[in-house]
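Heads up, the thing below is written out as structure tokens.
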Amino acid sequence: MKIVVCLKQTFDTEAKIVINADGQIERKGVSLIMNPYDEFAVEEGLKLKGKDGEVTVVTATGPEGQDALRQALAMGADKAILVDPGRADIDEFTTATILAKAIAGLEYDLIIGGFRAIDDGSAQVAGRVAEILGLPVVNVVTKLEVADGKAVATREIEGGSEVIEVPLPAVITAQKGLNEPRYPSMKGIMQAKKKPMQKTTAAELGLDEAALAPKVKALSFTLPSARAAGRLVPGEAPEAARELARLLREEAKII
Amino acid sequence: MTKGIWVVVEQRDGEIKKVTYELLSEGRKVADQLGEELAAVLLGSGVSDKAASLGEYGADKVYVADNAALANYTTDGYTNVLAALAQKYEPYAILLGCTSNGRDLAAQVAQRLSTGLMSDCIGMELADGQLAFTRPIYAGKALVKACCPDARPVMATIRPNIFAVESAAKTAGVIAEDADPGAIRQVVKEVIKQESTRPELTEANVIVSGGRGMKAPENFSVLEELADVLGAAVGASRAAVDAGWISHSFQVGQTGKTVTPTLYIACGISGAIQHLAGMSSSKCIVAVNKDPEANIFKVADYGIVGDLFEVVPLLKEELKKIMA
Ligand SMILES: Cc1cc2nc3c(=O)[nH]c(=O)nc-3n(C[C@H](O)[C@H](O)[C@H](O)COP(=O)(O)OP(=O)(O)OC[C@H]3O[C@@H](n4cnc5c(N)ncnc54)[C@H](O)[C@@H]3O)c2cc1C
Ligand SMILES: Nc1ncnc2c1ncn2[C@@H]1O[C@H](COP(=O)(O)O)[C@@H](O)[C@H]1O
Chain E
-15 MKIVVCLKQT FDTEAKIVIN ADGQIERKGV SLIMNPYDEF AVEEGLKLKG
35 KDGEVTVVTA TGPEGQDALR QALAMGADKA ILVDPGRADI DEFTTATILA
85 KAIAGLEYDL IIGGFRAIDD GSAQVAGRVA EILGLPVVNV VTKLEVADGK
135 AVATREIEGG SEVIEVPLPA VITAQKGLNE PRYPSMKGIM QAKKKPMQKT
185 TAAELGLDEA ALAPKVKALS FTLPSARAAG RLVPGEAPEA ARELARLLRE
235 EAKII
Chain F
18 MTKGIWVVVE QRDGEIKKVT YELLSEGRKV ADQLGEELAA VLLGSGVSDK
68 AASLGEYGAD KVYVADNAAL ANYTTDGYTN VLAALAQKYE PYAILLGCTS
118 NGRDLAAQVA QRLSTGLMSD CIGMELADGQ LAFTRPIYAG KALVKACCPD
168 ARPVMATIRP NIFAVESAAK TAGVIAEDAD PGAIRQVVKE VIKQESTRPE
218 LTEANVIVSG GRGMKAPENF SVLEELADVL GAAVGASRAA VDAGWISHSF
268 QVGQTGKTVT PTLYIACGIS GAIQHLAGMS SSKCIVAVNK DPEANIFKVA
318 DYGIVGDLFE VVPLLKEELK KIMA
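Laid out in structure tokens, this is it:
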């Protein structure tokens, strides 16, 4: 099977967020990781590709996104494509437009992404790519089986799950539980250096300014107000429990 | 001419979810400020009799697409209908709950209509005459206020449990629509419901969560007993999930559920930054931890330093007494 995985490089989950003098999120000095959900996507691609299959990883970002692509190659992906949007003000519409254009030029049976990126938390890009390419999508998948030109995917929903069948090619987005992503081996890391990494730009793919113009505009970034320090309820367990119950009723008024 | 603000009704098996009423209540306020009408859009099968009741929460109008093909939520069926209705009426804005189905549907419809979508919003206001939304990014470590200046409709998914439900005695006009669900490529083979009498995590008003301090899967019964007294959902840290004590669908945090209950009780959870990301916007946080230095106490409104196996059963008894 030929599988395309969309992956995004994101801030490390430990990263401290700083708003700089221009009122923007400061990107300098932040360590970057592969979006954790995209690790599940890469792993699933590797599991499913089979003997003669191929996994191509694609990202739409500036040159810094290479590291996440290299990591995927080290895990076992075969090829990587980096498309530089060539502008900073991109939204999910722009990103999906670029990815769809890049993927349209490839052969694929299945496209896998993460169900959401932990930076913007949008949970839209993969679905938008499906819509542009005219493919069916199943989101938030915790189990996937592919056979006979069909994908059978278990999708998480509130209070349960549902099993959905779609014809291939299709877009699937990964949720935790789908698999356990492998760590790149030493050998994998060495081999990754020799694997093909194509670097291109949105303009080279034939997308002009108008096609890339974002729909959403950020007006301002702020940091949330810190939670006011609370207090410890004193005393031995029986007294503390009694006092806590009282506080929840009389002070917080929530029970 | 006004074209209206739409709220897409979240229903499962004909039961309307609370987030719908939350969006209608808040939508009513901005609709009034903008001089727009507020419409609910109800998709499903055998749901027509629910339509009129949406006026009680502020809807002026309800568009109903009642079709056997919409009995189960499917991405294609619901996208085809909602996008067709939006093309027909050209609303100014479409709001959906940030739920499994709301998220799924919003992304497809936004792309089909070539418009912008702001996800998982926690605030909605008018800024310079247009709708602007505030949403958490970097797992709540920052907030962005954003708008959709030119493309229409403006679309947003809104996190449940953010807006208050307010009743507004309106009589909603019900308009039956026969939009075509079209060819549906997603075949629902099976719907698996978790057998639980407890509320769903993202909808719960109270959550009792356990972490590595629970020590063993069977000990979660201590939390379940407290949860039963409070009508609460049970959650967990990733450490508890990774240990295999509880299914990942109960994980709260950056790579789990984001929850906004009125009361979050963290038991044996240290308060790692990734856990806080999922629960720090809870209205009241209680922590029970034997380590007085645990990070969770920095965000907790009330903390008890102690052994959870001693404190939690006592707390349960005290709450039972108070609530009797
Ligand atoms: C990419 C990434 C994503 C992540 N996503 C998430 C996520 O979504 N959600 C999440 O939760 N974590 C997440 N983590 C993991 C996170 O970093 C922490 O490892 C995890 O939250 C720790 O769980 P814990 O607090 O239960 O365990 P610990 O940190 O081990 O804390 C256990 C606590 O229990 C207390 N304790 C022990 N026994 C008792 C007792 N008898 N009575 C009272 N207290 C007791 C201890 O004092 C301690 O504070 C993520 C990590 C990474 C790298
Ligand atoms: N810039 C990008 N490049 C490649 N894939 C992306 C990009 N942004 C988002 N994706 C994919 O879309 C998924 C959902 O992202 P988002 O909609 O931003 O939450 C991610 O997990 C990726 O699989």
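Taken in order, these protein sequences are the chains called E and F.
For the first sequence, position 179 (counting from the first letter as 1) is numbered 163 according to the working numbering, and the numbering increases by one without interruption.
Counting from 1 along the second sequence, just add 17 to a position and that's the residue number in the working numbering.
Each residue gets a CB set at the ideal place from its N, CA and C atoms; glycine is no exception.
Distance from the CA of Q268 (chain F) to the CA of D36 (chain E), rounded to the nearest whole angstrom, comes to 37 Å. Chain order gives the chain F residues near T206 (chain E) as T151, A159, L160, V161, K162, where near means a beta carbon separation below 9 Å. With a threshold of 8 Å, the Cβ atom of N97 (chain F) does not count as near ligand 2, since no heavy atom of the ligand is closer than that. A distance below 6 Å between beta-carbons, with the five flanking residues on each side excluded, links G133 (chain F) to the following residues of its chain, in chain order: C165, A168.
Listed by position along chain E, the residues whose Cβ is nearer than 7 Å to that of H265 (chain F) are K160, G161.
In the DSSP assignment, the residues bridged to I9 (chain E) are E:I3. Taking 7 Å as the upper bound on Cβ-Cβ separation, chain F lies near residues I102, D103, D104, G105, S106, A107, Q108, G111, R112, E115, I116, P120, V121, V122, N123, V124 of the region 100 to 126 of chain E. Going by C-alpha positions, G143 (chain E) is about 8 Å away from L218 (chain F). Secondary structure at M141 (chain F): strand, using DSSP grouped into helix, strand and coil.
Annotation: F267 (chain F) is outside any alpha helix (DSSP H) and is labelled neither H nor E by DSSP.
Residue environment: A144 (chain F) is assigned as exposed (fewer than 16 neighbouring CB atoms within 10 Å of its CB, all protein chains considered).
With respect to L119 (chain E), A86 (chain E) sits apart: the two C-beta atoms are not nearer than 9 Å. For the options F:T91, F:V47, F:K158, F:D66, the alpha carbon positioned closest to that of G31 (chain F) is the one of F:D66.
Contact check for A159 (chain F) against P208 (chain E) passes: the beta carbons are separated by less than 9 Å. Contact residues of the region 101 to 116 of chain F toward chain E are T116 (C-beta to C-beta distance below 8 Å).
In this structure, F:A304 is the residue among F:P309, F:E327, F:A304 with its C-alpha nearest to the C-alpha of V316 (chain F). T279 (chain F) sits in coil when the DSSP states are folded into three classes, being neither helix nor strand. Summarising the contact set, residues whose Cβ lies nearer than 5 Å to any heavy atom of ligand 1 are, in chain order, E:T(-3), E:P20, F:G228, F:R229, F:G230, F:S254, F:R255, F:A256, F:G270, F:Q271, F:T272, F:G273, F:G285, F:I286, F:S287, F:A289, F:Q291, F:H292, F:N306, F:K307, F:D308, F:A311, F:D324, F:L325. Distances between the C-beta of Q159 (chain E) and the heavy atoms of ligand 2 are all 8 Å or more. Going by DSSP, E235 (chain F) is part of no alpha helix (DSSP H) at all; its letter is neither H nor E. Between L99 (chain F) and V24 (chain F), the gap from beta carbon to beta carbon reaches 9 Å or more. Annotation: G63 (chain F) to A56 (chain F) spans about 19 Å, alpha carbon to alpha carbon.
Along the region 95 to 168 of chain E, the beta strand (DSSP E) occurs as fully enclosed runs of 3 or more residues at 121 to 131, 134 to 141, 144 to 151, 154 to 158, listed in sequence order. The beta carbon of E(-2) (chain E) falls within 9 Å of a beta carbon belonging to chain F, placing the residue at that interface. Shown here, L232 (chain E) sits in a helix according to DSSP, grouped into three states. According to the DSSP assignment, V161 (chain F) belongs to the beta strand (DSSP E) that extends over 159 to 164. Around the beta-carbon of P180 (chain E), fewer than 16 other beta-carbon atoms lie within 10 Å, marking it exposed.
With a beta-carbon spacing of about 17 Å, L148 (chain F) and V126 (chain F) fall beyond the 8 Å limit used to define contacts. Non-local C-beta neighbours of I(-13) (chain E) in its own chain, meaning closer than 6 Å and more than five positions away in sequence, comprise G29, K33, V39, L94, ordered along the chain. Fewer than three beta-carbon pairs drawn from the region 86 to 97 of chain F and the region 223 to 230 of chain E are found closer than 8 Å, and the two stretches are therefore not classed as touching.
Your pair Y167 (chain E) and R100 (chain E) does not check out as a contact, with CB atoms roughly 23 Å apart and the cut at 8 Å.
Secondary structure at N306 (chain F): strand, using DSSP grouped into helix, strand and coil. For the region 140 to 151 of chain E, the set of residues with a beta-carbon nearer than 8 Å to any beta-carbon of chain F comprises E140, I141, E142, G143, G144, S145, E146, V147, I148, E149, V150, P151, in chain order. Counting only runs of at least 4 residues, the region 35 to 94 of chain F fully encloses the following alpha helix (DSSP H) elements, listed from N- to C-terminal order: 35 to 51. Judged by beta-carbon spacing, A86 (chain F) lies beyond the 9 Å limit of A173 (chain F), meaning their Cβ atoms are not closer than that value. Relative to the non-hydrogen atoms of ligand 2, the Cβ of R71 (chain E) never comes closer than 8 Å to any of them.
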